[in-house]
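Since the structure comes first, as structure tokens, the remarks are kept for the end.
Number of protein chains: 2
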Amino acid sequence: MATRTDAPTRREQILKEAARLFAERGFHGVGVDEIGAAVGISGPGLYRHFPGKDAMLAELLVGISGQLLTGGKRRVAEAAGGAEGAEAVLDSLIEGHIDFALDDRPLITLHDRELDRLRDSDRKLVRQLQRQYVELWVEVVREVYPGLTEPAARSAVHSVFGLLNSTPHLGRPGSLPGRGDTAALLHRMARGAFAAAGSPAAG
Amino acid sequence: MATRTDAPTRREQILKEAARLFAERGFHGVGVDEIGAAVGISGPGLYRHFPGKDAMLAELLVGISGQLLTGGKRRVAEAAGGAEGAEAVLDSLIEGHIDFALDDRPLITLHDRELDRLRDSDRKLVRQLQRQYVELWVEVVREVYPGLTEPAARSAVHSVFGLLNSTPHLGRPGSLPGRGDTAALLHRMARGAFAAAGSPAAG
DNA sequence: CAGGGAGGTTAGCGGTCGTTAACCTGAAGG
DNA sequence: CCTTCAGGTTAACGACCGCTAACCTCCCTG
């Protein structure tokens, strides 16, 4: 839980700015000179830190997927240790995903937008991490709503991801009703969506 | 309601293929030669039909936004004519959006991905159409759930759009549980999400 | 049957972009 | 004090890409 107080490395600066620029204008829409300028160095200087532009995107996407999966696993394990039910685990997963979506909006945008720009091996890795993350959710969701078939649960999970990942469309951070309220609203809506998916007896 | 039986014009072919390619690899990731090849002509031949590559994207995005807004307005007007309540109007809006998301998946993808690649004037137009569409929903949603503040309703609408627009992530059309089932699931989830947003008294 | 426009073709220009090459500099270490 | 090396710099190359120019070929029409 060591909260970092030391300054970010140049490498981390580059990744952060690259993520922002890629999210704003797309991978092909951003030049290496722009990324360099964003961290105060110029174009080719980036090649002291990364073998190429592709490598930056790859590291970003692998990092995102891995971070989501690791966080999800941790939350499932923690909750399983206590006496809480599956509902609490689901709440924890939702909370973690919302935190990520609200804190790292550019990364969320990249996550489902630029995957196809990766080399085959990297793309396979990211897809595998994503799949594991989805399966994590599917298991928990089916435990809470046993009526759901597995394909339906998977569709529901993907749809809730779409709901939670909508934060980049909610306007600039200032125009939101406040982070806490937004998080609470998203959480309620996600639970409501799952509940509706799990009970086909709607009017 | 004249269902078209005549063959699509060359212009329409181009737009359709361009939409698919843009959705797959991004606007900057597709060359005009590829678009031409996709319709059986080669590169510069496209310039007999469009003034430039940008114009294809512009026409696609303006078309999408306009189509959504027009359809939404029509549905609101139709339902308002009958004796049905706001709930029925909301259901109709959801149904229309789902139809669009399931039938024109590449367009849905483009819709919130490549907007920034447009000329200023086109982007303003698209944004204006989108805003009107959102306001259409917000009004209906607040009628059904009067407890929602206006900002909360707008956030909820954007989030439900994220949910409904998740169809491109649901795997290839073949792997879905069947179009009707998928549409029904999405519809239930959207209603559940709105209901949860509208009643802060969750446990 | 002339002729003109719609809708193609290929060749090529000009600009952009990712990447490499060659060089510079300041700080650390023996 | 000399060396080394991490981390920069600018110049330039080669590929790609959007677009234009110039030309061709049907087909429709008067």
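For the protein sequence lines, the chains are S and D, in the order given.
If you use this note's numbering, the first sequence corresponds to residues 115 to 317, in order.
If you use this note's numbering, the second sequence corresponds to residues 115 to 317, in order.
Don't be surprised by glycine CBs; every beta carbon is placed ideally from N, CA and C.
In chain order, L174, P220, L221, L224 place their CB closer than 7 Å to the CB of A133 of chain S, counting only its own chain and leaving out the 5 sequence neighbours on each side. Within chain D, the C-beta atoms nearer than 7 Å to that of R227 of chain S come from R227, in chain order.
Taking Q246 of chain D as the centre and dropping the five residues before and after it, the same chain places the C-beta of L183 closer than 7 Å to its C-beta, in chain order.
Short of 8 Å from the beta carbon of A307 of chain S, and not among the five residues preceding or following it, lie these beta carbons of its own chain, in chain order: A270, S273, V274, L277. With a 10 Å radius around the Cβ and a threshold of 16 neighbouring Cβ atoms, Y259 of chain D comes out buried. In this structure, R305 of chain S lies near I208 of chain S, with their beta-carbon atoms less than 9 Å apart.
Fully enclosed alpha helix (DSSP H) runs of no fewer than 4 residues occupy 264-278, 293-312 of the stretch 260-312 of chain S, in order along the chain. Under the 8 Å Cβ criterion, the stretch 166-180 of chain D does not count as touching the stretch 238-258 of chain S, having fewer than three qualifying pairs. Residues of the stretch 275-292 of chain S that bring their beta carbon within less than 9 Å of a beta carbon in chain D comprise F275, G276, L277, L278, N279, S280, T281, P282, H283, L284, G285, S289, L290, P291, in sequence order.
Counting every other CB atom within 10 Å of its CB across the protein chains shown gives G150 of chain D a total of 16 or more, marking it as buried. Contact check for L171 of chain S and F214 of chain S: beta-carbon distance about 18 Å, past the 8 Å limit, so the pair fails to qualify.
Residues of the stretch 292-316 of chain D with a Cβ closer than 7 Å to any Cβ of chain S, in chain order: T296, L299, L300, R302, M303, R305, G306, A307, A309, A310, A311, A316. For I178 of chain S, same chain residues with a beta-carbon under 6 Å away, outside a window of 5 residues either side, are L221, H225 in chain order.
If you look at T223 of chain D, you'll find it in the alpha helix (DSSP H) that goes 219-225.
Within the stretch 137-220 of chain S, complete alpha helix (DSSP H) segments of at least 4 residues are found at 146-152, 167-195, 200-217, given in chain order.
Contact annotation, A266 of chain S with P291 of chain D: C-beta distance approximately 6 Å; criterion of less than 8 Å satisfied. Counting along the chain, the unbroken alpha helix (DSSP H) around L239 of chain S starts and ends at 234-258. Residue state for D230 of chain S is assigned as helix, using DSSP reduced to three classes.
Here T263 of chain D is exposed. Its C-beta has fewer than 16 other C-beta atoms within 10 Å. In the same chain as L239 of chain D, and ignoring 5 residues on each side of it, the C-beta atoms closer than 7 Å to its own belong to V176, in chain order. With respect to the C-alpha of E249 of chain D, the residue from D:D217, D:R268, D:G143 having the closest C-alpha is D:R268. Closer than 8 Å at the C-beta level to chain S, one finds these residues of the stretch 136-166 of chain D: E138, R139, G140, F141, H142, G143. Taking 9 Å as the cut-off, the Cβ atoms of L216 of chain D and A297 of chain D count as close.
Closest by C-alpha distance to D218 of chain D, out of D:S280, D:Q242, D:V144, D:A309, is D:S280. The criterion of a C-beta distance shorter than 9 Å is satisfied by G210 of chain D and R189 of chain D. Assigned with DSSP and collapsed to three states, A132 of chain S falls in helix. Around the Cβ of Q244 of chain S, a 10 Å sphere holds 16 or more other Cβ atoms; the residue is buried. Taking a C-beta distance under 9 Å as the contact criterion, V146 of chain D and F136 of chain D do not qualify as a contact pair. In terms of beta-carbon proximity, D230 of chain D lines the interface with chain S, with at least one pair separated by less than 9 Å.
Using a CB distance cut-off of 9 Å, T263 of chain S counts as an interface residue toward chain D. Of all residues in the stretch 202-229 of chain D, only D226, R227 place a beta-carbon less than 7 Å from a beta-carbon of chain S.
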